[in-house]
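Everything on this sheet refers to the single structure shown next.
Next comes the structure, spelled out in structure tokens:
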């Protein structure tokens, strides 16, 4: 799909957009598709289209950091392998966050390692949520990000730029245009390491950094679980059953987290070919599900339509029988009504009675946040 859209116009630009995960709402908390890579075309001029590669951010509540990195790596390596090059990278950060927490700093480190120093000169650090934070407070937070090397400071020294997104179309366009003039494409370290050097994901700079964090997390969780085990022993000595059960429940939860960290670290040991194959398999499964949904929808719609036609026919026949009985009694008024009635046998029901679509029914199904309109022609002869 990406190869087709990227060369559909004389000029094009491809921008990689990495964002922090949005807090789920009641309406989207169950939508799995929000965690996948997606492509959005943006027509700058009649002969210049920019393709925004929208990627999930780390710390996604629905997926592990390993899954997110694998998802991004699959797209980056597949596109690079097929000569599709990036022209810029946009990193979105909420200015509403009070400060850079530990997880936010870890995510920024992973992003830096994914990009590599050479690509940083085409990175835009875009802050969002300016419309919900007092201007003076937001400006102070931005200055702290700029002045702190481990935040944005080092990246700025390597050529990255800063922009503010004010929740307006104009500010979004300014961010895109700031990168659209970069004619020379870029390659991230992750792309070069996996495609050119043949490394597995865990051997890349981003993979090694994430694996190191996962091992630290496992060690921390293991130590805390050992402390809980000691407290459980104390509770047993004191015959404090309630405390023992509560501590054991917490210990079991830690065991699950430790196992999850270990599995995430192991999952990083995957090659480019396996990443792409795994993604393609998932897409094939989702495509099959979409087709099944379409088929089920068409079948159900046909059944409901046939049932409605049957009910309308029965209604017309009942009305006709009533009119015939009235006609036999010699009522001229009833006979006149029968002749004028639009619901006589053989006549087509008026629009709205059967709710039969004139042409097609469209089913909107989300696959990796891309919406495919599956249209099924429903033709009816009367």
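In our numbering, the protein residues as written are 43 to 424.
Even for Gly, the Cβ is constructed at its ideal location relative to N, Cα and C.
(request) State the DSSP-derived secondary structure class of residue 207, mapped to helix, strand or coil. (result) coil
(message) Am I right that residue 312 and residue 293 are in contact with their C-beta atoms under 8 Å? What's the rounded C-beta distance?
(response) Not quite, the Cβ-Cβ distance comes to about 31 Å (not below 8 Å), so this is no contact.
(request) Indicate the three-state DSSP secondary structure (helix, strand or coil) for residue 168 in the structure shown. (result) strand
(message) Does residue 210 pass the burial test, meaning 16 or more other C-beta atoms within 10 Å, or should it be called exposed?
(response) exposed
(message) Quick check on this structure: which residue in 165, 212, 161 and 181 has the alpha carbon closest to the alpha carbon of residue 140?
(response) Of all alpha-carbon atoms in 165, 212, 161 and 181, the one lying nearest the alpha-carbon of residue 140 is that of 181.
(request) Tell me whether residue 376 sits in a helix, a strand or coil according to DSSP, three-state version. (result) Note that residue 376 scores a pLDDT of 47, beneath 50, so its modelled location is shaky; the value from the coordinates is reported in the next line. Three-state result, residue 376: helix.
(message) Closest to residue 126 by C-alpha separation, out of 159, 133, 132 and 92, would be which residue?
(response) 92
(request) Could you tell me which uninterrupted alpha helix (DSSP H) segments, each at least 4 residues in length, are contained entirely in the region 130–161, listed from first to last along the chain? (result) Listed in chain order, they are 144–157.
(message) According to DSSP, simplified to helix, strand and coil, what is residue 80?
(response) strand
(message) If distances are taken between C-alpha atoms only, which option among 160, 119 and 100 comes closest to residue 144?
(response) Minimum Cα-Cα distance from residue 144 among the listed residues 160, 119 and 100 corresponds to 100.
(request) Check whether the Cβ atoms of residue 79 and residue 109 lie closer than 8 Å to each other. (result) no
(request) Could you tell me which uninterrupted beta strand (DSSP E) segments, each at least 3 residues in length, are contained entirely in the region 172–237, listed from first to last along the chain? (result) 203–206
(message) On the criterion of 16 or more Cβ atoms from any shown chain inside 10 Å, does residue 199 qualify as buried, or is it exposed?
(response) exposed
(request) Determine the extent of the beta strand (DSSP E) in which residue 95 is found, giving its start and end residues. (result) 90–97 is the extent of the beta strand (DSSP E) around residue 95.
(request) Have a look at the DSSP bridge pairing and note the partners of residue 128. (result) 228
(message) Can you find the residues in the same chain that come closer than 7 Å, C-beta to C-beta, to residue 233, ignoring five residues on each side of it along the sequence?
(response) For residue 233, same chain residues with a beta-carbon under 7 Å away, outside a window of 5 residues either side, are 118, 119 and 122 in chain order.
(request) Report the option in 300, 237 and 281 whose CA atom is closest to the CA atom of residue 258. (result) 300
(request) Please specify which runs of the beta strand (DSSP E), each continuous and at least 3 residues long, are wholly inside the region 290–338, giving them in chain order. (result) none
(message) Quick check on residue 183: buried or exposed, where buried means 16 or more other Cβ atoms within 10 Å of its Cβ?
(response) buried
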